[in-house]
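>
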Amino acid sequence: MRIAVLSDVHSNLVALEAVLAHAGAVDAVWHTGDIVGYGPDPDGVVARLAAAGAIGVRGNHDAAAVGGREIESFNREARQAMEWTRANIAPETKAWLADLPQRRTLDDFTLVHGSPLDPTWEYVTDERSARENIAALETPHGLHGHTHVPVAWFGRADDPKARVHGEVATDGERRTFDGRRAFLNPGSVGQPRYGGPEATYIVFDEAARTVEFRLVPYDVDTTQEKIYDAGLPPYLAERLAVGQ
Ligand code: ZN
Numbered sequence: 058m059r060i061a062v063l064s065d066v067h068s069n070l071v072a073l074e075a076v077l078a079h080a081g082a083v084d085a086v087w088h089t090g091d092i093v094g095y096g097p098d099p100d101g102v103v104a105r106l107a108a109a110g111a112i113g114v115r116g117n118h119d120a121a122a123v124g125g126r127e128i129e130s131f132n133r134e135a136r137q138a139m140e141w142t143r144a145n146i147a148p149e150t151k152a153w154l155a156d157l158p159q160r161r162t163l164d165d166f167t168l169v170h171g172s173p174l175d176p177t178w179e180y181v182t183d184e185r186s187a188r189e190n191i192a193a194l195e196t197p198h199g200l201h202g203h204t205h206v207p208v209a210w211f212g213r214a215d216d217p218k219a220r221v222h223g224e225v226a227t228d229g230e231r232r233t234f235d236g237r238r239a240f241l242n243p244g245s246v247g248q249p250r251y252g253g254p255e256a257t258y259i260v261f262d263e264a265a266r267t268v269e270f271r272l273v274p275y276d277v278d279t280t281q282e283k284i285y286d287a288g289l290p291p292y293l294a295e296r297l298a299v300g301q
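Residues 58 to 301 (my numbering) are what the sequence shown spells out, left to right.
(1) Taking Cβ positions, are arginine 89 and leucine 168 nearer each other than 8 Å?
(2) Count the other CB atoms, across all protein chains shown, that sit within 10 Å of the CB of asparagine 117; report buried if there are 16 or more and exposed otherwise.
(3) Could you pull out every residue in the same chain whose Cβ sits closer than 8 Å to the Cβ of isoleucine 191, ignoring the five residues on either side in sequence?
(4) Give me the DSSP bridge partner(s) of tryptophan 210.
(5) Just list the alpha helix (DSSP H) runs in the region 77-153, keeping only unbroken ones of 4 residues or longer that don't cross its boundaries, in chain order.
(6) What's the call for asparagine 242, buried or exposed, on a 16-neighbour Cβ count within 10 Å?
(7) So aspartate 278 is in the alpha helix (DSSP H); what residue range does that whole segment cover?
(8) Quick check on asparagine 132: buried or exposed, where buried means 16 or more other Cβ atoms within 10 Å of its Cβ?
(9) Quick check on DSSP: helix, strand or coil for glutamate 269?
(10) Classify tyrosine 292 as helix, strand or coil using the three-state DSSP reduction.
(11) How about glycine 247 and leucine 73: do their beta carbons lie closer than 8 Å?
(12) Nearest-angstrom Cα distance between alanine 152 and alanine 265?
(13) On a CA-only basis, which of Val273, Leu293, Glu179 is nearest glutamine 281? Give me that one, please.
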């Protein structure tokens, strides 16, 4: 099985199409949430992911889109985009988002948006939170998102509390599990924040126990135009060009 893992698509259909084309024939598509919010195509990304049979979990933006109080914690632009999303999504989109669970076990992975300790909100950005969350996993490995930065964290299988190692991953980088516990963040398809504009995702090869990080160029200008045309905050278009 080769599995494409996507996160934080954020209603960016142009980026999602580029990533799915880049992934080619895979056996499954998994996601770690924030399918909508910020971007201009919530119905389009949900329809495309549903057609691809994607399975995954709910992010804070997905929860807000179906009426959750998460919106109260959003900054100004995120809130404006979420109010637009709520007003514009189709009933089928809302139903698909409402069905997403907070966490899900697939193969020997736990999928969450933020972290195993706080599936909705925690940003795993440092060694300590990665170590605590690897220790909290009820499966050998974990997949998460939320930070929009592609990172591979690896811990010791025989001692989950031992120091873990994490690195921001780059294009084509392949990591082998080597019996270690993996806690992987594919970054973001629709609003990358690693310092470059390319969409990011990972492909997990179940037999080889390897994961490959991939960066995919897409037509940023088209998504930016859609954001302006929809009347969404211009900052949400501008940041896509720099990946911040
Ligand atoms: Zn997000």
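Where is the CB? At the ideal position from N, CA and C, for every residue including glycine.
Taking the geometry as given:
(1) Translated into the one-based positions of the sequence shown, residue 89 becomes position 32. Translated into the one-based positions of the sequence shown, residue 168 becomes position 111. What sits at residue 89 in the sequence shown is threonine, not arginine. Going by C-beta atoms, threonine 89 is nearer than 8 Å to leucine 168.
(2) Here the question's residue 117 lines up with position 60 in the sequence shown. The residue in question, asparagine 117, is buried, as its Cβ has 16 or more Cβ neighbours within 10 Å.
(3) As a first step, residue 191 must be located in the sequence shown, where it is residue number 134. Gly199, Trp210, Gly212, Pro217, Val221, Arg238, Phe240.
(4) Locating residue 210 in the sequence shown gives position 153, where the first residue counts as 1. Its beta-bridge partners are Gly223, Phe240.
(5) 99-108, 117-122, 133-145
(6) Within the sequence shown, the letter at position 185 stands for residue 242. Result: buried.
(7) Against the sequence shown, residue 278 aligns to sequence position 221. Unbroken alpha helix (DSSP H) run through aspartate 278: 277-287.
(8) As a working mapping, residue 132 is identified with position 75 in the sequence shown. Classification for asparagine 132: exposed.
(9) Translated into the one-based positions of the sequence shown, residue 269 becomes position 212. Correct three-state label for glutamate 269: strand.
(10) If you number the sequence shown from 1, residue 292 lands on position 235. Tyrosine 292 falls in the helix class under three-state DSSP.
(11) What you label residue 247 is simply residue 190 of the sequence shown in a count that begins at 1. What you label residue 73 is simply residue 16 of the sequence shown in a count that begins at 1. In this structure, leucine 73 lies closer than 8 Å to glycine 247 by Cβ.
(12) As a working note, residue 152 is residue 95 in the sequence shown. As a working note, residue 265 is residue 208 in the sequence shown. Those two C-alpha atoms are separated by around 36 Å.
(13) Translated into positions along the sequence shown, residue 281 becomes position 224. Nearest option by C-alpha distance: Leu293.
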